[in-house]
Amino acid sequence: MKIGITGASGKLGQLVVSKLKEHISAEDIIALVRTPEKVESLGINARTFDYNQPNKLAAALKGIDKLLLISGNEIGKRFLQHSAVINAAKEVGIKHFVYTSLLKADSSTLVLAPEHLNTEKAIKASGLDFTILRNGWYNENYTERVKDTVAHGKLYGSSSDAKISSASREDFAEAAVVVLCEDKHRNKTYELSGDLAFTMEDYASEISKLTGKKIPYVNLPEKEFASVLEQAGLPEPVAAFFAGTHTATLHGDLYDDGNQLNQLIGRPTTTISKSISKAL
């Protein structure tokens, strides 16, 4: 049984490969990446797989039984790219198609949501056996910048007291591996989120607790928050995107209490506190 992983050179992809090697032989894992040389250290076979060369995708998928499509990162182009992968998977007869989507993709106000939802619809229309993993926010979306927050002495945001049910990237990788290794998850959609929700105020308090330095949370209107991010060095489109995620948080887009993630992986999800400690 050969399993293909798109985006295997990325942060989530590398974690999936590492965990998958605990369950199946490395010879049965195939990295599907633009630059195979980037994954030599993973110790698995690699094939060139470029979303922007759709006529070459089917050849790269030959001999693969199960496919994990980790959503691309080119916002605005992803649906066409994903569609090309779906068509290629159908052409070669992929037996199980797994896709990393977005939490509440059918109702989310996040700018990311439409492409994810359209991809989900295309997968279901293809007739392929599928599993859709609607991944919530990663703890690391916050903690990768925690040292900068500590150095600055304040945490800015615009999500007020809205709740966030994030989990670690490793948790989501583990869920993908479970689904790839167990047939009982076929033709199901999972809403995946962390067990313990928190607010940005909670996040600031936890940073303060772990560092011994008082870090207040400063809530700002979305445009002001975007301006702060620009002043910190983020390009305007990136700053606008991150500020927009905080507004989406106010709509409840990053909160879910279904506990489907811990049910899949068979353990509690990683707390934001643990991820902060790891990042410091």
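Numbering follows this note's numbering, with no gaps: position 36 of the sequence shown is 18. Glycine residues also receive a C-beta, built at the ideal position from the N, C-alpha and C atoms. Just so you know, these numbers come straight off a predicted model, no measurement behind them.
Query - Span of the alpha helix (DSSP H), counted from its first residue to its last, around G(-5) - result: -7 to 2
Query raised in the report: Is it true that the CB of G(-14) sits closer than 8 angstroms to the CB of L24?
Result: no
Query raised in the report: Does the pairing of the stretch 145 to 161 with the stretch -5 to 12 give three or more beta-carbon distances under 8 angstroms?
Result: yes
**Report entry** Neighbourhood of W119 by C-beta, 7 angstroms cutoff - its chain only, sequence neighbours within 5 removed
**Finding:** I146, S148, L236
Requested in this report: Please work out which residues of its chain come closer than 8 angstroms, Cβ to Cβ, to G240, disregarding the five sequence neighbours upstream and downstream, and give them in chain order.
Outcome: E173, S175
Report task. Check whether the Cβ atoms of G139 and F207 lie closer than 8 angstroms to each other. Result -> yes
Requested in this report: Write down every uninterrupted run of the beta strand (DSSP E) in the stretch 124 to 184 whose length is 3 residues or greater and which is fully enclosed by it, in chain order.
Outcome: 137 to 139, 170 to 174
**Report entry** Inter-residue spacing [alpha-carbon to alpha-carbon] between K38 and A70
**Finding:** 9 angstroms
**Report entry** Residues that R325 bridges to, as DSSP identifies them
**Finding:** This structure gives no information on residue 325, because the portion of the chain shown stretches from -17 to 262.
Query raised in the report: Got a sec? Which residues, its chain only, sit under 8 angstroms from K129 by beta carbon, not counting five neighbours each side?
Result: A261, L262
Query - Length-filtered (4 minimum) alpha helix (DSSP H) runs lying within the stretch 179 to 258 - result: 182 to 193, 204 to 213, 218 to 232, 242 to 247
Report task. My understanding is that P18 touches A28, with C-beta atoms under 8 angstroms, so please give their C-beta distance in whole angstroms. Result -> 4 angstroms
Requested in this report: Provide the residue span of the alpha helix (DSSP H) that contains H64, from first to last.
Outcome: 60 to 74
Report task. Compare the C-alpha of D177 against each of E126, R249, K3, T131 and name the closest. Result -> R249
Report task. Assuming S53 and H98 form a contact by the criterion Cβ under 8 angstroms, report the distance between their Cβ atoms to the nearest whole angstrom. Result -> 7 angstroms
Query - Per-residue DSSP class, three states only, for I105 - result: helix
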